[in-house]
Each structure stands twice: as C-alpha cells, then as structure tokens.
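J.: My structure is below; once you've seen it, I'll send some questions.
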Amino acid sequence: GHHNYLYLAMIRTTRIIPFIAKNVRNIVTSTVCGTKNNIIKISMSSQPVNSLSLPLIKAVTNAFVEAGQDDTCKGIILNSSTRAFSAGLDLNELSNRTDDELYIFWSSFQNMLFTVYNSDKAVIAEIAGAAPAGGTMLATCCDVRIGTDKAPIGLNEAAFGLIPPYFGVDMLDDIVGKRVSWKASSLGTMFKPQDALTIGLYDIIASNEEIESISIEECEKWIKAPGRLHTKRMLHQERLTKWRAGFEEECLTFVQRVQDPRTQKMISSYLESLSMKKKK
Ligand code: CO8
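Numbering (the numbering used here), first residue to last: 229 to 508.
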C-alpha cells in the first residue's frame with residue numbers, strides 16, 4: 229500500500245546502507261552491495277538457526293518482492309547471519325496445529341519458494357552453514373549456490389521419517405539429475421560440501437573469509453549476460469506451470485500428512501532429540 233510505496237521511494241532516492249526491511253521485525257535485512265550498488269543482499273537472521281517459521285517465511289517473501297520491485301536492483305544474494313543457512317522448516321509450526329494453520333503455513337512456504345524461483349534478478353545463495361530440507365529448497369530455487377566447507381546440504385527428510393515435497397525433489401532433479409536426486413531424497417542424504425560440489429549442488433566452495441566477495445563477483449557475472457533473464461524465464465516455465473497447477477492440492481496433501489498421528493509423534497520425538505543433543 230501507501231506505506232510500501234514510501235519505503236520503495238526511500239530505497240530509490242537515498243540508497244541508505246544498510247536499510248532494514250520494516251515490516252519484518254528485523255529477522256530479515258536487505259542491504260545494497262556490489263561494485264555498482266545494484267545487488268541487494270537479503271540476510272536471514274532468525275536466531276539461532278533460521279528455522280523457517282511463518283514470520284521468517286513471510287519476511288523472506290517480502291524481501292524478495294521488494295527487491296523485485298526495485299528497478300535499480302539487478303541481482304540478489306540470499307545469505308544468513310546465523311550459524312546455519314537455514315535449519316529447514318520450523319518443526320514447531322507442524323506440531324499440534326489446526327488444519328487451517330497448516331494450510332496457511334504450507335501455502336506461505338510454497339509462495340516463498342515460487343517468489344524466489346520466479347525472481348527476474350540473478351539470485352545467488354551464499355551458504356555458510358547447514359542447509360537441510362527446507363534450507364536446501366530455498367537454495368535450489370536460486371540460480372547459483374556457493375557454499376563453505378562448513379555447510380552440509382540435502383533433502384534429509386526421509387532420514388527421520390518425513391516425505392520431502394515433490395517440488396523440492398523437482399528442483400534438486402534439475403540441478404543434479406534424477407538418479408542422484410531420487411536416491412538422495414529417498415535416503416535423506418545430507419551431502420558434505422565437497423560432495424555437493426562434485427554433483428553440482430554447489431557451484432563453488434569458498435572460504436568463510438572470501439564467500440561474500442565471491443558471491444558478489446558471481447552475481448555480477450550473471451548480471452552481465454544480456455540473454456540471462458529471458459533464458460531464465462524460458463527454463464523456469466515448465467516447473468512454474470506444474471507448481472501453480474498443483475498448489476492447492478499440495479496444501480491439502482500436506483495437511484493430511486502432517487495431521488497423521490504417526491507424523492505428529494515423529495515430529496515431537498525429532499524435536500526432542502534436537503534439544504537433547506544440546507544438553508549432552
Ligand atoms: N525446527 C525447530 N527447531 C529447530 C530446528 C527445526 N528445523 N532445527 C533446530 N532447531 C532448534 C533446536 O532444537 C535447538 O533448540 P534449543 O536451543 O531449544 O535446544 C536450536 O534450534 C539450535 O539447534 P542446534 O543446537 O541443533 O544447532 P546446531 O548449530 O548444533 O545445528 C542444525 C544446526 C545443523 C541446523 C541442526 O539444528 C539440525 O540438524 N536441525 C534439524 C534440521 C532438519 O532436519 N530440518 C528438517 C526440517 S523438515 C523440512 O524442512 C521439510 C519438511 C517437508 C514436509 C513434510 C511433510 C509431511
């Protein structure tokens with residue numbers, strides 16, 4: 229609305245560095261960077277590990293929408309200012325919820341991934357910490373993934389009893405090929421960074437010190453290719469069409485799966501095991 233317009237006007241005229249996306253309780257910040265100041269860095273900062281809660285999902289979505297509306301912005305770098313890139317879905321969002329809450333959650337999650345995947349900007353994922361499950365999905369919706377040697381990545385759902393969503397597997401298929409993707413999603417494999425590089429899930433491995441500058445360099449390389457945008461639109465068309473057509477049914481399937489008492493039990497014991505780990 230009006231508020232948004234003023235906010236965008238502020239970005240265009242003053243380019244204050246860093247500016248904070250206002251509507252998001254500071255769990256996501258957007259900063260301008262790059263040699264021409266035409267890259268927006270979107271940093272997720274929901275402590276401790278950027279698990280994807282509804283507010284974080286909405287904040288990431290808004291940050292991408294706002295960057296998308298900024299014509300001076302040519303590229304986006306998505307990163308994290310916590311120790312993980314993202315711990316995937318916040319499993320508390322799946323525990324003891326109503327059908328409506330789950331429906332809203334899953335449509336918001338899908339909407340975030342579409343928004344990232346559908347972005348016209350050159351989008352780089354700068355991954356300096358773990359990116360399991362939903363974290364992987366966020367990364368695979370970007371054009372390029374740059375990891376560090378401290379950043380395992382993979383659809384690990386099956387390793388603890390959940391089913392990865394079909395669109396997450398689709399995205400992985402497109403990057404590493406069907407056999408590698410199907411095998412990894414069935415076993416719930418978390419790839420070590422070097423292995424992720426070998427299969428093409430990471431495009432580059434960088435040191436912790438260099439990852440920021442390498443991400444900018446890579447983003448500027450993508451920005452420079454004159455045919456990049458139309459090629460991206462062409463290549464993404466098929467997935468987007470399938471995704472849009474299946475959107476609502478996917479939400480209903482999700483609600484059903486999550487409400488299954490076995491799933492509920494599994495989620496609570498997994499959450500418990502995560503917090504037990506810490507007490508050791
Ligand atoms: N959800 C909720 N809380 C979490 C999550 C999560 N995904 N991940 C971590 N936390 C919590 C921990 O319980 C811990 O809480 P507390 O401080 O209260 O004990 C806190 O965050 C910090 O976690 P760690 O101490 O484990 O932090 P580390 O730095 O040691 O490790 C990791 C970070 C590697 C990210 C680790 O936390 C981890 O492996 N987390 C689990 C990741 C995971 O398996 N995510 C999958 C989520 S499922 C998903 O994304 C897709 C589901 C598909 C749909 C299903 C349909 C049926």
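Even for Gly, the Cβ is constructed at its ideal location relative to N, Cα and C.
As the structure is a prediction and not an experimental result, all values here were calculated from the model.
#1: What number of angstroms, rounded off, separates the C-alpha of phenylalanine 342 from the C-alpha of serine 308?
#2: What number of angstroms, rounded off, separates the C-alpha of serine 414 from the C-alpha of alanine 386?
#3: Would isoleucine 304 and isoleucine 267 qualify as a contact pair, given that the criterion is a beta-carbon distance under 8 Å?
#4: Which residue wins for smallest C-alpha separation from glutamate 437, given the options Phe333, Ile355, Phe292 and Asn320?
#5: Can you say whether serine 503 is buried or exposed, counting buried as having 16 or more other CB atoms within 10 angstroms of its CB?
#6: Any idea if glutamate 476 is buried or exposed, counting beta-carbon neighbours within 10 angstroms, 16 or more meaning buried?
#7: Looking at glutamate 329 and ligand 1, is the gap between the Cβ and the nearest heavy atom below 7 Å?
#8: Taking just the CA atoms, how far does isoleucine 432 sit from valine 252?
#9: Looking at ligand 3, does it come within less than 7 Å of serine 441, judged from the CB to the closest heavy atom?
#10: Tell me, to the nearest whole angstrom, how far the beta carbon of leucine 366 is from that of leucine 383; I am working on the premise that it is less than 8 Å.
#11: Use the C-beta contact count for asparagine 265: other C-beta atoms within 10 angstroms, 16 or more gives buried, fewer gives exposed.
#12: Near glutamine 465, what residues of its chain come up, given a Cβ to Cβ distance below 8 Å and the 5 sequence neighbours on each side ignored?
#13: When you measure from the CB of arginine 485 to every non-hydrogen atom of ligand 1, does any distance come out below 7 Å?
#14: In the DSSP assignment, the alpha helix (DSSP H) including alanine 387 goes from what residue to what residue?
#15: For a minimum of 4 consecutive residues, which ranges assigned as the alpha helix (DSSP H) are wholly contained in the segment 252 to 314?
#16: Once the 5 residues before and after tryptophan 450 are set aside, which same chain residues still bring their CB inside 8 Å of it?
#17: Mapping DSSP to helix, strand and coil, what is isoleucine 442?
#18: With phenylalanine 333 and glutamate 321 assumed to form a contact (beta carbons below 8 Å), what rounded beta-carbon distance in angstroms separates them?
#19: Output the distance between the C-alpha atoms of asparagine 339 and valine 483, rounded to the nearest integer angstrom.
#20: What residue range is occupied by the uninterrupted beta strand (DSSP E) comprising isoleucine 332?
#21: Return the first residue and the last residue of the beta strand (DSSP E) that glycine 375 is part of.
#22: Verify the contact flag: asparagine 320, CB atom, against every heavy atom of ligand 1, threshold strictly below 7 Å.
T.: Once the coordinates are examined:
#1: Their backbone Cα atoms lie some 20 Å apart in a straight line.
#2: In a straight line, the C-alpha of serine 414 is about 6 Å away from that of alanine 386.
#3: The Cβ atoms of isoleucine 304 and isoleucine 267 sit closer than 8 Å to each other.
#4: It is Ile355.
#5: Exposed: under 16 other Cβ atoms inside 10 Å.
#6: Classification of glutamate 476: exposed, given that the 10 Å Cβ count is below 16.
#7: No, the Cβ of glutamate 329 stays beyond 7 Å of every heavy atom of ligand 1.
#8: Unreliable placement is indicated for valine 252, whose pLDDT of 46 sits below 50; no coordinate value is reported for it.
#9: As presented, the structure is devoid of ligand 3, carrying ligand 1 as its sole ligands.
#10: The Cβ separation is near 12 Å, so there is no contact.
#11: Its Cβ having fewer than 16 others within 10 Å, asparagine 265 is exposed.
#12: Once the five neighbours on either side are set aside, glutamine 465 has no close Cβ partner at all.
#13: For arginine 485, the CB falls within less than 7 Å of some heavy atom of ligand 1.
#14: Counting along the chain, the alpha helix (DSSP H) containing alanine 387 begins and ends at 385 to 388.
#15: Fully enclosed alpha helix (DSSP H) runs of 4 or longer: 282 to 297.
#16: Hits under 8 Å: Gly303, Ala350, Ile352, Asp371, Val372 and Arg456.
#17: In the structure shown, the three-state DSSP call for isoleucine 442 is helix.
#18: Correct: roughly 5 Å between the Cβ atoms.
#19: Near 16 Å, if we compare the C-alpha coordinates of valine 483 and asparagine 339.
#20: It is not in any beta strand (DSSP E) - isoleucine 332 instead sits in the alpha helix (DSSP H) that spans 327 to 345.
#21: For glycine 375, the enclosing beta strand (DSSP E) starts and ends at 372 to 375.
#22: Result yes, Cβ under 7 Å from ligand 1.
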